Amino acid sequence: MRLILLGGPGAGKGTQANFIKEKFGIPQISTGDMLRQAVKDGTELGKEAKKYMDSGQLVPDDVIIGLVKERIKEPDCEKGFLFDGFPRTIPQAEAMKEAGVKIDYVVEIAVPDEEIIKRMSGRRVHLPSGRTYHIIYNPPKVEGKDDVTGEPLVQREDDKEETVRKRLEVYHAQTEPLVEFYKKWEESGDPNAPKYIRIDGVGTVDEIKERIFKALGA
Ligand code: AP5
Ligand code: ZN
Numbered sequence: 076m077r078l079i080l081l082g083g084p085g086a087g088k089g090t091q092a093n094f095i096k097e098k099f100g101i102p103q104i105s106t107g108d109m110l111r112q113a114v115k116d117g118t119e120l121g122k123e124a125k126k127y128m129d130s131g132q133l134v135p136d137d138v139i140i141g142l143v144k145e146r147i148k149e150p151d152c153e154k155g156f157l158f159d160g161f162p163r164t165i166p167q168a169e170a171m172k173e174a175g176v177k178i179d180y181v182v183e184i185a186v187p188d189e190e191i192i193k194r195m196s197g198r199r200v201h202l203p204s205g206r207t208y209h210i211i212y213n214p215p216k217v218e219g220k221d222d223v224t225g226e227p228l229v230q231r232e233d234d235k236e237e238t239v240r241k242r243l244e245v246y247h248a249q250t251e252p253l254v255e256f257y258k259k260w261e262e263s264g265d266p267n268a269p270k271y272i273r274i275d276g277v278g279t280v281d282e283i284k285e286r287i288f289k290a291l292g293a
């Protein structure tokens with residue numbers, strides 16, 4: 076099973092990715108998590124990416140495409156994978172199409188902007204695993220601590236309201252055109268086109284999970 080999770084910042088991609096990867100036994104490939112890890116490790120990639128991420132801009136396409144192409148060659152991707160936050164520009168989607176990377180489903184999690192702003196301010200993350208919580212909507216068992224490791228949770232650098240607004244703007248301008256891209260591809264009747272699924276992303280975490288599983292026939 077090969078899936079793309081599409082949706083704005085804070086739509087719940089990371090949250091739902093956790094359920095999907097377990098259900099299907101496939102790795103989650105989050106370009107955001109990979110970049111945050113590189114920033115934390117202080118690598119050249121991390122230093123380059125940080126300035127874009129902190130200002131809510133996208134990291135250049137060639138950097139991201141190179142990163143993903145390397146990642147999907149790893150043995151754990153043989154049984155499939157889940158892209159979380161990738162592709163998020165037309166050139167990134169074209170690069171996968173041209174490389175013949177067949178995708179079964181594109182799952183869009185649709186959430187209005189106002190709801191997104193509410194979600195981001197309460198988000199807390201466990202950086203090493205990418206596990207995500209919300210202080211009110213999805214709290215950890217122990218305040219400030221990851222459920223699995225007990226390690227501390229942190230707030231993301233790019234979750235300031237001003238940066239979230241910038242990320243929303245970037246999403247509408249550069250990522251939303253992918254909706255049409257995939258719909259048109261599916262309508263063209265190409266057997267290699269992924270099936271497009273749109274999920275209403277407003278509701279509880281469990282409700283959204285059920286909607287996705289149902290749509291995937293899981
Ligand atoms: P990335 O990490 O991908 O960020 P994003 O797309 O902005 O998405 P988020 O991770 O913020 O949100 P999410 O949809 O995962 O929501 P979550 O589940 O956490 O990218 C970060 C940056 O890296 C980019 O800005 C860019 O610079 C760079 N980058 C990454 N990929 C790139 C690419 N392909 N090309 C170029 N640049 C790239 O949920 C959010 C909060 O809401 C949480 O607190 C959660 O607990 C809560 N929540 C979730 N579901 C619900 C619900 N149903 N009800 C209430 N609360 C909920
Ligand atoms: Zn995420």
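Under the working numbering, the first residue of the sequence shown carries the number 76, and numbering increases by one thereafter. Glycine residues also receive a C-beta, built at the ideal position from the N, C-alpha and C atoms. Remember, it's a predicted structure, so these values are computed and weren't measured experimentally.
Closer than 7 Å: residue i CB and nearest the ligand AP5 heavy atom
| i | result |
| --- | --- |
| Ala86 | yes |
| His247 | no |
| Arg273 | no |
| Asp233 | yes |
| Tyr257 | no |
| Ile56 | Since the displayed the chain opens at 76 and closes at 293, residue 56 lies outside it and no answer follows. |
| Gln112 | no |
| Arg194 | yes |
| Ile283 | yes |
| Gly121 | no |
| Phe161 | yes |
| Arg242 | yes |
| Met128 | yes |
| Val134 | yes |
Cβ-Cβ distance between residue i and residue j below 8 Å
| i | j | result |
| --- | --- | --- |
| Lys220 | Gly131 | no |
| Leu142 | Met109 | yes |
| Ser105 | Gly264 | no |
| Gly100 | Lys154 | yes |
| Asn213 | Thr90 | yes |
| Asn267 | Lys177 | yes |
| Tyr257 | Leu228 | no |
| Glu244 | Asp129 | no |
| Gln103 | Asp159 | yes |
| Leu253 | Leu80 | no |
| Phe288 | Lys125 | no |
Option in the options with minimal Cα separation from residue i
| i | options | result |
| --- | --- | --- |
| Val114 | Gln103, Ile104, Tyr127 | Tyr127 |
| Phe156 | Tyr208, Asn213, Ile95, Ile165 | Ile95 |
| Gly83 | Glu255, Asn267, Thr250 | Thr250 |
| Gly276 | Pro266, Val182, His247 | Val182 |
| Pro162 | Gly117, Ala290, Ile140, Ala293 | Ile140 |
| Lys235 | Lys216, Lys259, Arg198, Leu253 | Arg198 |
| Ala174 | Glu255, Lys144, Trp260, Arg77 | Lys144 |
| Lys284 | Asp222, Asn93, Lys216 | Asn93 |
| Met76 | Leu120, Cys152, Val217 | Cys152 |
| Asp188 | Val217, Pro203, Val239, Thr224 | Val239 |
| Glu237 | Pro150, Lys98, Trp260, Lys193 | Lys193 |
| Glu169 | Trp260, Val280, Val223 | Trp260 |
heavy atom of the ligand ZN below 7 Å from residue i C-beta
| i | result |
| --- | --- |
| Gly197 | no |
| Asp116 | no |
| Gly276 | no |
Whole-number beta carbon distance between residue j and residue i, since they are thought to touch under 8 Å
| i | j | result |
| --- | --- | --- |
| Glu226 | His201 | 6 Å |
| Tyr180 | Lys88 | 14 Å between Cβ atoms; not a contact. |
| Gln112 | Asp136 | Rounded, the Cβ-Cβ distance is 20 Å, inconsistent with contact. |
| Gly85 | Ile191 | 4 Å |
| Ile272 | Ala290 | 5 Å |
| Ile274 | Ile184 | 5 Å |
Below-8 Å beta-carbon distance, residue i vs any chain D residue
| i | result |
| --- | --- |
| Ser196 | Among the protein chains of the structure shown there is no chain D, as only one such chain exists. |
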